[in-house]
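Written out as structure tokens, the structure is:
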């Protein structure tokens, strides 16, 4: 039975905005990131990478590199342990150890440009890079494919010769199609045939990268007892440990992962890249080895989110009610299977109630880096298709698109496209809040001379996950509490965790000192991802804090020589139920523990089902220069059901960050591939992400519908806000200039082409 | 009795049925009874005496974290869907 909670409003700490506990270290540069790592005897590791996207390795000659002064170790694919073909869940994303190993270091064949074929450890980075240039690799270049259409063509080169694809439950060989799934409910064909209005459109998207500022890194020590210590930038120390142990084929207890500060991840730092390589170099060199990735390699070899092709067909009755929908979704997995088509299928129709639906999804292997989760993986892509189609259907028929969305909104009892029922959700409340917002009520206004202005709206959905989290508490004698929790802090979660504890204990948020633990100092905790962290790790903190109160009640019973049942606790003060005048505050008690049984500690652990479904709507006004095609975002509002906002500033930041990334995805970002499978724009100069100069202040409207599955009503927040921006901007462009774009990025060139 | 929403790939074992009713008090018992009624289904759902990696079981409104031990209320809905992890398959094939 899943525990449920009644909503509360009388919080003392929850809902306030304390300065984040790691703030001073971050802004003064004292925070320790992976590139800052220093250890006695530390040496550098670098990779030798393939210049080809698809090629057989004929030979590798490392002799010249090994002969260089200052070189301590050279490894190739032959040094990688043979990992089994075993699929393991990572919380958000999964890993097949054999493919993960091959992705990190090619053996007989390279399947994406930049794939490592050897690695060097040397006294310093320059020596290692010089040695890398002396490694001679002979390749037989093969034809490459970098999009789903080419990869599924009859004459396509087969990227993974031993791949067994799954076509609706039937095995398929000699294919680049890893998986074909389907969800089908109701009488889709009948309902579509009976629909008064239908629309069918195709949408295409290019692969994009999360674009986190901090590159991947790892420092490894493989010691004399065959214990492996890793310091790294990761979204989850425990899932990283699972991957490292699986790839290196060692017992998981032999690997200790210490997560350092992280400069962004957005899903891309769930997979490991350098960690196993640095460990093997350390084993061979008998020294600590540090590796820091170049930006080009981050783009070319880590996990972006899939591009692909989508075809959406919608049917509606004469009264504007959706009656049927079909979606065909082809996603690029990259060079190994796993394009997260499952989540895309879950999300495509989620904001709307549609009685007859079919969804087909194809996971397609291409000669690009293996994709990874990126903030609501799969959902922004299908939102682009679905929300664009809705807008165009409404325009064709003459319906108000906001009213259409309200009339068809999902509510408690609606079935998602994969058949699952919604419980209490906030989609209708979000639409009401959007229509009540200052932005929606404001007139569009006039654009500057020569420009055209348009407004667009779109909805978005992410289902949010729960999973495992752990936290430890210890009372300090000065009345503060130390908190060790297992979640990497990417967006201010340490503050939110401390606030969970402080609320229970009746102390201030800064009376709790939060630390992110390593894999040997706290219980198993899943990734910071899936919009689960504040929900699940916060829940674990809440349990730990309540357990601490129970422990402290025992000490009060000793202090006053009364029974445990006679000890009360409220708002930071312990009291005697029998003698009302007997009270002692948490802080006073902390200083007396030495005579009351010694240190007081507690733990909390959870394994939770769901963080509550997240719905949002974004409103955007754009100005477009028809002469240049340039789009300016002139006003932007993000509305979202966030459950209870523990720290509203960080919730607002999540909405603003998701919108900013979505704006970049919509207007500029793409993997621009050459004919031979190389990414032509693998730098931040050419891969154009929005800066503060490109964006207006993004307004937020927090709709707080408490999640009954969390003691404070927390709902997952971080991923939903990247879903609406792309279709909202597509709809705004169509509104501004009267032409609709069906492909991202919707950059100046695309707009000019459409205006011809 | 639980109502099982069959994944599309498993409907062929139940004459194309979208959903079937199965008596069971736990998820493990449900899968056993499903196999008894519709042979061939179990191997798509179970691996090493647990739910297959990459597969989520939705019991009622939420994804269970109790695996095959999950208790089932009367008249509950059960769905087997791709977990958020993705990249897995309902089919019982080995990937090399």
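Chains as they are written, first to last, in the numbering used here: chain R, 1 to 756; chain H, 1001 to 1096.
Backbone N, C-alpha and C fix where the C-beta goes; we use that ideal spot for every residue, glycine too.
Source: prediction; values computed, not measured.
Who are the Cβ neighbours of residue 683/R in its own chain at under 7 Å, not counting the five residues just before and after it? Counting from one through the first chain, the residue named residue 683/R turns up at place 683. 295, 296.
Check whether chain R comes within 9 Å of residue 1012/H, counting only Cβ atoms and requiring the distance to be less than that. Residue mapping note: residue 1012/H aligns to position 12 of the second chain, counting from 1. So yes, residue 1012/H belongs to the interface.
Looking at the strands, I want to know which residues DSSP matches up with residue 673/R. Your numbering for residue 673/R matches position 673 in the first chain. DSSP output for residue 673/R lists 679/R as bridge partner(s).
Along the segment 1043-1060 of chain H, what residues have a CB closer than 7 Å to any CB found in chain R? 1053, 1054, 1058
Cutoff 7 Å; reference residue 451/R; Cβ partners in own chain excluding five residues on either side: Taking the first residue of the first chain as 1, we reach residue 451/R at position 451. The answer, listed in chain order, is 623, 624, 625.
Which full runs of the alpha helix (DSSP H) of 4+ residues lie inside the segment 676-751 of chain R, going along the chain? 725-737, all fully within the segment 676-751 of chain R.
Which of the residues in the segment 180-204 of chain R, read from start to end, lie with their CB under 8 Å from any CB of chain H? 181, 182, 183, 184, 185
Is there a Cβ from chain H that is less than 9 Å from the Cβ of residue 6/R? Against the first chain, residue 6/R aligns to sequence position 6. Judged by the 9 Å Cβ criterion, residue 6/R is not in contact with chain H.
Please list, in chain order, all residues of the same chain as residue 411/R whose beta carbon is under 8 Å from its beta carbon, the five residues on each side excluded. Position 411 of the first chain, counting from 1, holds the residue named residue 411/R. Shown here for residue 411/R: same chain residues with a beta carbon closer than 8 Å to its own, the five before and five after excluded, namely 353, 422, 425, 427, 428 in chain order.
Per DSSP, which one or two residues make a beta bridge with residue 514/R? Taking the first residue of the first chain as 1, we reach residue 514/R at position 514. Partner(s): 483/R.
Does the distance from the CB of residue 37/R to the CB of residue 231/R come in under 9 Å? Start at 1 with the first residue of the first chain, and residue 37/R comes out as number 37. Start at 1 with the first residue of the first chain, and residue 231/R comes out as number 231. Closer than 9 Å, so yes.
From what residue to what residue does the beta strand (DSSP E) around residue 28/R run? Looking up residue 28/R in the first chain gives position 28. It is not in any beta strand (DSSP E) - residue 28/R instead sits in the alpha helix (DSSP H) that spans 23-28.
Assuming residue 545/R contacts residue 469/R (C-beta within less than 8 Å), just tell me the rounded distance between them. Here residue 545/R is taken as the residue at index 545 of the first chain, counted from 1. Here residue 469/R is taken as the residue at index 469 of the first chain, counted from 1. The Cβ separation is near 14 Å, so there is no contact.
Coarse secondary structure for residue 254/R, derived from DSSP in three states: Taking the first residue of the first chain as 1, we reach residue 254/R at position 254. Of the three classes helix, strand and coil, the one that applies to residue 254/R here is helix, per DSSP.
Could you give the DSSP three-state label for residue 381/R: helix, strand or coil? Position 381 of the first chain, counting from 1, holds the residue named residue 381/R. Helix.
Per DSSP, what kind of secondary structure is residue 1088/H in: helix, strand or coil? Position 88 of the second chain, counted from the start, is the residue given in the question as residue 1088/H. Model confidence at residue 1088/H stands at a pLDDT of 38, short of 50, so the residue's coordinates are unreliable; what they give is reported in the following sentence. Looking at residue 1088/H - three-state DSSP - the assignment turns out to be coil, as it is neither helix nor strand.
List the residues of chain H whose Cβ lies closer than 9 Å to the Cβ of residue 641/R, in chain order. Counting from 1 along the first chain, the entry for residue 641/R is found at position 641. Going along chain H, no residue has its Cβ under 9 Å from residue 641/R, so there is no contact; the nearest lies around 16 Å.
In angstroms, rounded to a whole number, what distance separates the CA positions of residue 263/R and residue 215/R? Sequence index remark: in the first chain, residue 263/R carries index 263 (1-based). Sequence index remark: in the first chain, residue 215/R carries index 215 (1-based). Each residue's alpha carbon lies about 8 Å from the other.
Alpha-carbon spacing of residue 110/R relative to residue 162/R, whole angstroms: If you number the first chain from 1, residue 110/R lands on position 110. If you number the first chain from 1, residue 162/R lands on position 162. When only Cα atoms are considered, residue 110/R and residue 162/R end up about 14 Å apart.
Considering residue 332/R, what are the terminal residues of the beta strand (DSSP E) in which it resides? Within the first chain, numbered from 1, the residue matching residue 332/R stands at position 332. From DSSP, the beta strand (DSSP E) with residue 332/R extends over 322-334.
Are there 16 or more other CB atoms within 10 angstroms of the CB of residue 636/R, so buried, or fewer, so exposed? Here residue 636/R corresponds to residue number 636 of the first chain, with the count starting at 1. So residue 636/R counts as buried.
Thinking residue 291/R and residue 217/R are a contact (beta carbons under 8 Å), I'd like their distance in whole angstroms, please. Mapped onto the first chain, residue 291/R falls at position 291. Mapped onto the first chain, residue 217/R falls at position 217. Between residue 217/R and residue 291/R the Cβ distance is about 6 Å, and since that is below 8 Å, they are a contact.
C-alpha gap between residue 317/R and residue 348/R, whole angstroms: Locating residue 317/R in the first chain gives position 317, where the first residue counts as 1. Locating residue 348/R in the first chain gives position 348, where the first residue counts as 1. Approximately 20 Å, taken between the alpha carbons.
Count the other CB atoms within 10 Å of the CB of residue 1096/H; is the residue buried (16 or more) or exposed (fewer)? Mapped onto the second chain, residue 1096/H falls at position 96. In this prediction, residue 1096/H scores a pLDDT of 31, lower than 50, which makes its location untrustworthy; no coordinate-derived value is stated.
Is there a C-beta anywhere in chain R that falls below 9 Å from the one on residue 1017/H? Here the question's residue 1017/H lines up with position 17 in the second chain. No, residue 1017/H lies away from the interface with chain R (no Cβ there is under 9 Å from its Cβ).
Is the closest heavy atom of the ligand ADP to the C-beta of residue 1067/H under 8 Å? The ligand ADP is not among the ligands present in this structure, which contains no ligands whatsoever.
What number of angstroms, rounded off, separates the C-alpha of residue 1086/H from the C-alpha of residue 383/R? Counting from 1 along the second chain, the entry for residue 1086/H is found at position 86. Counting from 1 along the first chain, the entry for residue 383/R is found at position 383. Summary for residue 1086/H: the model assigns pLDDT 38, below 50, so the residue's position carries little reliability, and this model does not support an answer.
Just tell me which of 409/R, 526/R, 489/R has its CA closest to the CA of residue 240/R. As a first step, residue 240/R must be located in the first chain, where it is residue number 240. Measuring from the Cα of residue 240/R, the nearest candidate turns out to be 526/R.
Any idea what DSSP makes of residue 173/R, helix, strand or coil? Within the first chain, numbered from 1, the residue matching residue 173/R stands at position 173. Residue 173/R: coil per DSSP, three-state reduction.
Assess, as a yes-or-no matter, whether the segment 650-659 of chain R is touched by the segment 721-729 of chain R under the definition of 3 or more beta carbon pairs within less than 8 Å. yes
Alpha carbon to alpha carbon, what distance is there between residue 629/R and residue 754/R? Start at 1 with the first residue of the first chain, and residue 754/R comes out as number 754. Start at 1 with the first residue of the first chain, and residue 629/R comes out as number 629. Using only the alpha carbons, I get a separation of about 10 Å.
For residue 1009/H, return the contacting residues in chain R, with the cut-off set at a CB-CB distance below 7 Å. Taking the first residue of the second chain as 1, we reach residue 1009/H at position 9. Result: 168, 169.
Supposed close pair residue 121/R, residue 73/R - CB separation, criterion 8 Å: Here residue 121/R is taken as the residue at index 121 of the first chain, counted from 1. Here residue 73/R is taken as the residue at index 73 of the first chain, counted from 1. Indeed, because the Cβ distance is near 4 Å, the residues count as touching under 8 Å.
What do you get for residue 227/R, buried or exposed, if any count of 16 or more other CB atoms within 10 angstroms of its CB means buried? Residue numbering aside, residue 227/R sits at position 227 when the first chain is read from its first letter. Burial call: exposed.
I want to verify the contact list: residues of chain H whose CB lies under 8 Å from the CB of residue 379/R, in sequence order. By one-based count along the first chain, residue 379/R stands at place 379. Annotation: residue 379/R has no Cβ neighbours in chain H at a cutoff of 8 Å; minimum Cβ distance is about 11 Å.
Relative to the C-alpha of residue 342/R, which candidate in 476/R, 359/R, 83/R has its C-alpha closest? Counted from its first residue, the first chain places residue 342/R at position 342. Residue 342/R has its Cα closest to that of 359/R, out of 476/R, 359/R, 83/R.
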